[in-house]
Structures are given as C-alpha cells and as structure tokens.
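Visitor: Quick note on the working numbering: the sequence shown kicks off at 211 and runs consecutively.
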Amino acid sequence: MKKLLIIEDDEIFAAGLIRALSRRGFACQMATTTNIAREICDEFKPEYILLDLNLGDENSQNYISLLKNICPGSTLVVLTGYGTIPSAVAAIKDGADAYLTKPATPDSIEKTLNEKKPQNNAASLWDLENEHIIKVLGECGGNISQAAIKLGLHRRTLQRRLKKI
211 MKKLLIIEDD EIFAAGLIRA LSRRGFACQM ATTTNIAREI CDEFKPEYIL
261 LDLNLGDENS QNYISLLKNI CPGSTLVVLT GYGTIPSAVA AIKDGADAYL
311 TKPATPDSIE KTLNEKKPQN NAASLWDLEN EHIIKVLGEC GGNISQAAIK
361 LGLHRRTLQR RLKKI
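Structure follows, in structure tokens:
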C-alpha cells in the first residue's frame, strides 16, 4: 500500500480525500498543522505528501523543503485554493513535485501522485569527454603523445586533463 500524508486544515475536505484515496490503494494519515505533520513524517515515512499551501493563518510554503528533507524521495504535491503563478513557481523551486488548485478531484490528485518523476540520467559533458579520452588512450596502448594527436590536443593539455580524471 502506498503511504500518503495529507496536510490539510479543512478536516471535512481531508476526510473525504482519505476515504476516496484509501479506496484507491493509499494508506492515509492526516495532519492539520505542519508541527503535527513533522511528527507523523518521522513515524509514518510517507511516499507521498499532499500539502495545503494555507493552513489556517499559517503559510506552509516555507515547509516544502523541510518536508522534503524529512521524507527524502517522497512525492510532494501542493494543493491550494489560492493558486497563483508566482506561488506555483516558488513551490516548485522549493522542491514540490506538483502544484494543484482546489477544487481538485480525487481522480486528479491520484493521477498527479502517480505521475513518474523524470530521472536526470543524462551524463555531463565532462564525463562523456573523460570516457572518450580514456577510450582513445586505451586504443593507443597508454601512449599519451599518440592519444593527444588522435584527440587533437597538445600533449601537456592531455596530461593535465588526465590528472583531473
């Protein structure tokens, strides 16, 4: 079962979400404040967090990065009735994986929670260059002068580069 922490001050709305999402295979816990949410995160270790941006008088924007640190690897979705482009951008910059505005249906929430996070598996240019240098050096039998000619580098430049690898 997928663990979901719902941080929402509207208990009636949260109870409805818990009922609907429990039927869809989520084990749900609810918190009405960020302090309670921290305690639940420590024990419950949720895979998913649904965070209301306005918890009573409290703006939970500042807690996004904290919750992501407490529950690393969790998917955090911000849910708000007062959605604006600047608040959406700020939430995503702070570490939220998605941003939804109310009224959001349980179907749309479930779909958002289940969306796969893009993996950043792209190798850096530096790593690709290093791989190529090592490959060419191997083809040249470790001869730095010959490898430098093949790579179009000065021998000393290649030696400096090899020290950094």
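Backbone N, C-alpha and C fix where the C-beta goes; we use that ideal spot for every residue, glycine too.
Relative to the alpha-carbon of L261, which residue among E253, F254, Q271 and K255 has its alpha-carbon at the smallest distance?
Guide: Of the listed residues, the one whose Cα sits closest to L261 is Q271.
Visitor: From T368 to A358, what does the alpha carbon distance come to, in whole angstroms?
Guide: A small correction: the amino acid at residue 368 is Leu; Thr does not occupy that position in the sequence shown. So the two alpha carbons sit approximately 6 Å from each other.
Visitor: Exposed or buried, P282, counting other C-beta atoms within 10 Å across all chains shown (16 or more means buried)?
Guide: Looking at its Cβ environment, which holds fewer than 16 other Cβ atoms inside 10 Å, P282 is exposed.
Visitor: Count the other CB atoms, across all protein chains shown, that sit within 10 Å of the CB of Y292; report buried if there are 16 or more and exposed otherwise.
Guide: Exposed.
Visitor: Is N353 helix, strand or coil when you go by DSSP?
Guide: N353 falls in the coil class under three-state DSSP.
Visitor: Using 8 Å as the cut-off, can you tell me whether the segment 299-318 makes contact with the segment 273-289, which would need three or more C-beta pairs spanning the two stretches below that distance?
Guide: Yes, the segment 299-318 touches the segment 273-289.
Visitor: Given a cut-off of 8 Å, decide if C251 and L385 are closer than it, judged by their beta-carbon atoms.
Guide: The shown model of the chain, from 211 to 375, leaves out residue 385, and the question about it has no answer.
Visitor: Based on the DSSP secondary-structure assignment, which residues constitute the bridge partners of D262?
Guide: L289, per the DSSP bridge assignment.
Visitor: Which value, in whole angstroms, describes the spacing of the CA atoms of V299 and Y273?
Guide: If I take the Cα positions, the gap works out to 15 Å.
Visitor: What is the DSSP secondary structure of A358, counted as helix, strand or coil?
Guide: In the structure shown, A358 sits in a helix (DSSP, three-state: H, G or I).
Visitor: Can you give the beta carbon distance from I228 to M240, rounded, assuming they're within the 8 Å contact cut?
Guide: Yes, they are in contact, since the Cβ atoms of I228 and M240 sit about 6 Å apart, within 8 Å.
Visitor: When DSSP labels each residue in this structure, what does K212 get in the three-state scheme?
Guide: Here K212 sits in strand by DSSP.
Visitor: Pick out whichever of F223, G266, R371 and I295 has its Cα sitting closest to the Cα of P313.
Guide: Residue F223 is the option with its Cα nearest to P313.
Visitor: Flag this pair as yes or no: are the beta carbons of V346 and L361 separated by less than 8 Å?
Guide: Yes, they are a contact pair.
Visitor: Do you know how far the Cα of N324 is from the Cα of M211?
Guide: Each residue's alpha carbon lies about 13 Å from the other.
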